[in-house]
Every structure is written in C-alpha cells, then in structure tokens.
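Colleague: This structure is in structure tokens; I'll ask about it shortly.
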Amino acid sequence: MIRGVEVRRATINLVAPFRTSFGTETGRDLLYLRVVGDEGEEADGWGECVAMADPGYSSEYVDGCEDVLRRFLLPLVGPATTAEDFHAAARGVRGHAMAKATLETALLDRDLRLAGTALSAHLGATRTRVPSGVSVGIQPDVPTLLRVVRGYLDEGYVRIKLKIEPGWDLEPVAAVRREFGPGVPLQVDANAAYAVGDAAHLAALDDHDLLLIEQPLPEDDVWGHAVLARTVRTPICLDESITSAEVAAGAIEAGACAIINIKPGRVGGYLEARRIHDLCVARGVPVWCGGMLETGIGRAANLALAAMPGFTLPGDTSASSRYFRRDVTEPFVLREGGIDVPRGPGIGVRPIPEVLEGMTRRVEMVPVVSPRRA
Ligand code: SMG
Ligand code: MG
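With the sequence shown counted from 1, adding 114 to any position gets you my numbering.
So this is what it looks like as structure tokens:
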C-alpha cells in the first residue's frame, strides 16, 4: 500500500553552461518524487521532473510543477493507485504534462519494482544498449565550437546536434561539416527561434547534409512547419509541438514533420510516449529520444524508452559526464558509442543516498489520504 509521496527539491550544477535560443542553463533546479509504500525501500518508485526553472522551453517551470502536483495531482493518489489508474484520473487536469509525467513515472517505477519487471521490458524494448548522440549548445565563436565538437567525437558520441538561432546557424554548421567531414551524423535544433518567412534562409542548410532540422518554428505553428517542409529539403523534426499521440498524428498527416523527437516529460509520461512510438512505427516515421538535462533518475527511464524498436536515430541520451561532475545515481557511461539500458526492475537505478542528501534543499513527505478519484 502507498503511504505517501516524498517531494524533494534539489540542485545540481552542469559541468558547462548550456546555451539555447531561449536561454542559458548553468544547473538544474530539481524536483524528485518518491512514492513510498509499506513494502520497503526496494519498492519505492522514483520520478524526476524535466521542467526547467523558467518557462523558456515550454510553459511549464519547476515551481509551477510542484504547485500543480501538490494541489491537483497528488490528491489523485490513493493507497492502491497504479500508474495506469493515475494516467486515467489525471485526464481531468488539463495540460501540465511535465508535472503529470513526474508522478506517473514514480508510480510506474513502483508498479514495476513490485512486479519484478524492468521498464525496458514493460515498454517492449528490443535493445540492450542505445547509441548516444550529444546536443551542443550555442558557443561564443566558431573555434570554440569546433573544439567542443572534437572533444565529444573523441569521446565516442555517434551523432552531433548543434543548437542554432538567427545569427548562429549557417556559419557554424558549415564550419563543423568542413572540419569533421561528410561522415559525421549532424543535425540542428532551433527551439522555435525562426518564422515561416525564414524558409529561404533555412533552405541554405540543405547544402550540409543534415539528418534533420528540429523545431524551427513556434510550438503552436504545426501548419507553418508544413509550409516550411515544402521549401526545405532537409527533414523537419518536431519536438516542442508534439504534446500527445493525437497531435503527432495530425502533424504527420499535415506534412509538418518527417521525424519526431519523443520526450516523455513533454507528453505526460512513458505511457503516452509509447503511444507516440507505436503510431510513428505504424506510419513509418522515425523517432528518437530527446533529453532535458536529466540526472540519472530521468536518464535511466529515457534509456529504456530509447531501446524500443522505432527509435532508429541516436538520441540526446548522453553519458552522465556530459552534464554533471557527480550524478545522483551510479553514472551512465559511454561505451562504443552507446549507453547500456538498465536491467533491474522498474527504472533499474536509485539515487546514491549521500549524493542525494548533499544536493537536497528541502524534502517533505506528503501522506496519502482518501483520494479524490482513483
Ligand atoms: O539532455 O542532452 C540533453 C539536452 C538535449 O538539446 C537538448 N534539449 O530542445 O531538445 C531540446 C533541448 C531542451 C532542453 S534545453 C534546456
Ligand atoms: Mg529540441
């Protein structure tokens, strides 16, 4: 029986600032949930919220996630609530995908630990190791960018993603292509920094043989992406725009994207992420697993997802050392261009107690009382 949910706020620094078209992250302002039952610590379920401190990537932000969890989502959990129960009950709360995903993942982790099943097996994963790409932030200048990219290639990352924005696009992409040659799988991510009127400019990226252009236009402009896709030859991939399987189906139908970046946090959890995967497999649309600078808790679950058969492109599932000096779990390491998928029950990892305590700013146990629903 579930006794309560521990709400924990913690902080971790990044090894280097990560700059995108919407801002610079120097660390993570973390929200972890732990679903605590009376079956012992081994069965506790963990979830990590992917929201950033500010609403720059999406409208969600971590303090807002904590608020909606405390006021509307945690009250849906009763002593016997499963992840599937919560998924159904949470339909009554509009939006707030990242907040929902945090709690649903913690419940799913607990369900699967009790069942002795690994998340990867539960999702129908077919791989034991997933190829690892790396996302490279906007750099102060091209020589610095080339140095950073070289470092990642030397480490063994099998795909490079460059963050772009107006004023930092054609030149850095051309420079990386020139320096490292045609064999390096390369893609770009604009985080919604362009407008449909930039179509001719973006079409100049076609010269550099990119795997894809990720989210060039604002998240609510699916139609604009469809228009853009008629001008630009490089495949358009959507990230921010894809918030559910229904939106994904519409975007594919509209010709707005040829590839989809699946992030469980953005779509409300692993159950919805699996629906999007299955839809894309049925439509012949390749998918890959995005990243939100997760610590080991979130990363473990993403690796399980990325091991599913439709994930045919390398994801932003990099090693712990790409982000943190010391991860909260045992570090994920890059081996032969990939990272091993955890095998244990649930997400397969748990925080290292002393590391977790060192990062924690506050922690509170919210007891489970009579649930409003479920
Ligand atoms: O986890 O390696 C990572 C970050 C990958 O570029 C990345 N994420 O739009 O895909 C994206 C961004 C969103 C997070 S930026 C703070
Ligand atoms: Mg993106």
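Every residue gets a Cβ at the ideal spot worked out from N, C-alpha and C, and that includes glycine.
Can you have a look at Ala194 and say buried or exposed, based on whether 16 or more other CB atoms are within 10 angstroms of its CB?
Modeller: Locating residue 194 in the sequence shown gives position 80, where the first residue counts as 1. Its Cβ having fewer than 16 others within 10 Å, Ala194 is exposed.
Colleague: Do you know offhand how far Ala124's Cα is from Glu386's?
Modeller: On the sequence shown, position 10 is the one that residue 124 refers to. On the sequence shown, position 272 is the one that residue 386 refers to. Near 27 Å, if we compare the C-alpha coordinates of Glu386 and Ala124.
Colleague: Should Leu407 and Arg142 be called a contact, given that it needs their Cβ atoms to be closer than 7 Å?
Modeller: Sequence index remark: in the sequence shown, residue 407 carries index 293 (1-based). Sequence index remark: in the sequence shown, residue 142 carries index 28 (1-based). In contact: Leu407 and Arg142 (Cβ atoms closer than 7 Å).
Colleague: Under 7 Å between the Cβ atoms of Val336 and Ala368?
Modeller: Locating residue 336 in the sequence shown gives position 222, counting from the first residue. Locating residue 368 in the sequence shown gives position 254, counting from the first residue. In contact: Val336 and Ala368 (Cβ atoms closer than 7 Å).
Colleague: Which residues have a Cβ closer than 7 Å to any heavy atom of ligand 2, listed in chain order?
Modeller: Working through the chain, the matches are Asp303, Asn305, Glu328, Gln329, Asp353, Glu354, Asn375, Gly404.
Colleague: Could you tell me which of Gly118, Gly137, Val182 sits nearest to Gly159, measuring between CA atoms?
Modeller: Position 45 of the sequence shown, counted from the start, is the residue given in the question as residue 159. It is Gly118 whose Cα lies nearest to the Cα of Gly159.
Colleague: Going by DSSP in three states, Val121 sits in which element: helix, strand or coil?
Modeller: Position 7 of the sequence shown, counting from 1, holds the residue named residue 121. Residue state, collapsed to three classes: strand.
Colleague: Please find out if some non-hydrogen atom of ligand 1 comes closer than 6 Å to the beta-carbon of Leu407.
Modeller: Counted from its first residue, the sequence shown places residue 407 at position 293. Indeed, a heavy atom of ligand 1 lies less than 6 Å from the Cβ.
Colleague: Tell me whether the stretch 347 to 355 and the stretch 321 to 333 touch, counting them as touching only if at least three CB pairs, one residue from each stretch, are closer than 8 Å.
Modeller: These segments touch.
Colleague: Jot down the residue ranges of each uninterrupted beta strand (DSSP E) in the stretch 133 to 218, minimum 3 residues, whole runs only, in chain order.
Modeller: Listed in chain order, they are 137 to 151, 159 to 162.
Colleague: Any heavy atom of ligand 1 closer than 6 Å to the CB of Glu139?
Modeller: If you number the sequence shown from 1, residue 139 lands on position 25. For ligand 1, at least one heavy atom lies less than 6 Å from the Cβ of Glu139.
Colleague: So, with DSSP's three-state summary, where would you put Val447?
Modeller: Here residue 447 refers to the residue found at position 333 when the sequence shown is read from its first residue. Val447 falls in the coil class under three-state DSSP.
Colleague: Under 6 Å: does the beta carbon of Asp430 sit that close to some heavy atom of ligand 1?
Modeller: On the sequence shown, position 316 is the one that residue 430 refers to. Yes - ligand 1 has a heavy atom lying nearer than 6 Å to the Cβ of Asp430.
Colleague: Which of the three DSSP states is assigned to Cys394 in this structure?
Modeller: Looking up residue 394 in the sequence shown gives position 280. In the structure shown, Cys394 sits in a helix (DSSP, three-state: H, G or I).
Colleague: Looking at ligand 1, does it come within less than 6 Å of Thr443, judged from the CB to the closest heavy atom?
Modeller: Within the sequence shown, numbered from 1, the residue matching residue 443 stands at position 329. Incorrect: Thr443 has no Cβ contact closer than 6 Å to ligand 1.
Colleague: If you follow the alpha helix (DSSP H) that Pro282 is part of, which residue opens it and which one closes it?
Modeller: Counting from 1 along the sequence shown, the entry for residue 282 is found at position 168. In the sequence under discussion, the amino acid at residue 282 is Trp, which differs from the Pro named in the question. Segment: none, Trp282 is in no alpha helix (DSSP H) and carries neither H nor E.
Colleague: Have a look at Ile116, Glu174, Gly379, Thr240 and flag the residue whose alpha-carbon is nearest the alpha-carbon of Val455.
Modeller: Here residue 455 corresponds to residue number 341 of the sequence shown, with the count starting at 1. Of Ile116, Glu174, Gly379, Thr240, the residue nearest in Cα terms is Thr240.
Colleague: Go through its chain and collect everything with a Cβ distance to Pro245's Cβ below 7 Å, but skip five positions before and after it.
Modeller: As a position in the sequence shown, residue 245 is number 131, starting the count at 1. Only Val272, Pro428, Gly451, Gly452 meet the Cβ criterion.
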